[in-house]
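For reference, the structure is listed below as structure tokens.
Residue numbers (my numbering): 10 to 241.
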């Protein structure tokens, strides 16, 4: 993420915003970069990085920086899905899972737990998918970031089922919302829809129900606000 917010450019929650720090700065001085937060008494529960095992050197630098900063959980994606519409899924899964297991082994030495976020464009957008992907890796070594809003467009499983599937792998919950909106008609006149970011109260995720089910599972972890609808 960008270290300096440029008000002359459009707000972007992934780059041009007031809360981001640069990856390079974090790598050079992990504790120093986070000092403003620690001085303010703000806990750092995890680092939501944009690294993936497609660049293992960068991913390992992220893990080492988190270790130096005393941060346990870090979001690191495995290999993204191929761009082709048709491909050898078993072979791809073996390769992607292999790279992630390699990262987990190195991260364990550093006392850091890589976490996979339920997200589109990955081979694990759903709770069932991510648990299958993590087979053989214990929850002490890798975690899952539950993102119900992401699941609206890709990977949806109802929350009671989702929480029972994820079980002890649940490391963090991302709080935002998404809704389906009309997106014109296709050439045959069939209505199309697309999922867009929305305010918490307007989306398809029933957050009151999510919180109720998290309480049922005695979840005591973090709820991370990740809304993409307000400039800040």
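Cβ atoms here follow ideal geometry from the backbone N, Cα and C, with glycine treated the same way.
Can you give the beta carbon distance from residue i to residue j, rounded, assuming they're within the 8 Å contact cut?
| i | j | result |
| --- | --- | --- |
| residue 182 | residue 223 | 7 Å |
| residue 238 | residue 194 | Incorrect: roughly 26 Å between the Cβ atoms, too far for contact. |
| residue 127 | residue 134 | 6 Å |
| residue 130 | residue 90 | 6 Å |
| residue 110 | residue 88 | That pair is no contact at about 12 Å. |
| residue 68 | residue 112 | 6 Å |
So is residue i buried or exposed if we call it buried at 16+ other beta carbons inside 10 Å?
| i | result |
| --- | --- |
| residue 185 | buried |
| residue 154 | buried |
| residue 159 | buried |
| residue 100 | exposed |
| residue 157 | buried |
| residue 96 | exposed |
| residue 132 | buried |
| residue 180 | buried |
Within the same chain, show all residues whose beta-carbon is closer than 7 Å to that of residue i, passing over the 5 residues directly before and after it, in chain order.
| i | result |
| --- | --- |
| residue 83 | 55, 56, 58, 71, 72, 75, 121, 123, 124 |
| residue 218 | 168 |
| residue 119 | 72, 73, 76 |
| residue 192 | 201, 202, 203 |
| residue 211 | 186, 188 |
Whole angstroms are fine: how far does the CA of residue j sit from the CA of residue i?
| i | j | result |
| --- | --- | --- |
| residue 25 | residue 32 | 14 Å |
| residue 114 | residue 43 | 26 Å |
| residue 138 | residue 94 | 18 Å |
| residue 18 | residue 50 | 31 Å |
| residue 227 | residue 196 | 49 Å |
| residue 221 | residue 231 | 15 Å |
| residue 145 | residue 233 | 28 Å |
| residue 106 | residue 136 | 16 Å |
| residue 40 | residue 198 | 56 Å |
| residue 62 | residue 151 | 14 Å |
| residue 23 | residue 236 | 11 Å |
| residue 3 | residue 85 | Outside the modelled stretch of the chain, which goes from 10 to 241, sits residue 3, for which no answer is possible. |
| residue 36 | residue 21 | 23 Å |
| residue 47 | residue 206 | 30 Å |
| residue 64 | residue 108 | 10 Å |
| residue 176 | residue 16 | 42 Å |
| residue 98 | residue 172 | 26 Å |
| residue 164 | residue 34 | 34 Å |
| residue 215 | residue 66 | 39 Å |
| residue 60 | residue 229 | 27 Å |
| residue 80 | residue 14 | 25 Å |
| residue 45 | residue 30 | 11 Å |
| residue 38 | residue 52 | 18 Å |
| residue 225 | residue 92 | 39 Å |
Ordered along the chain, which non-local residues of its own chain (more than five positions away) have a Cβ less than 6 Å from that of residue i?
| i | result |
| --- | --- |
| residue 161 | 187, 204, 213 |
| residue 116 | 72, 123 |
Once the 5 residues before and after residue i are set aside, which same chain residues still bring their CB inside 8 Å of it?
| i | result |
| --- | --- |
| residue 174 | 136, 137, 140, 166 |
| residue 178 | 139, 140, 143, 148, 151, 152, 153 |
| residue 170 | 136 |
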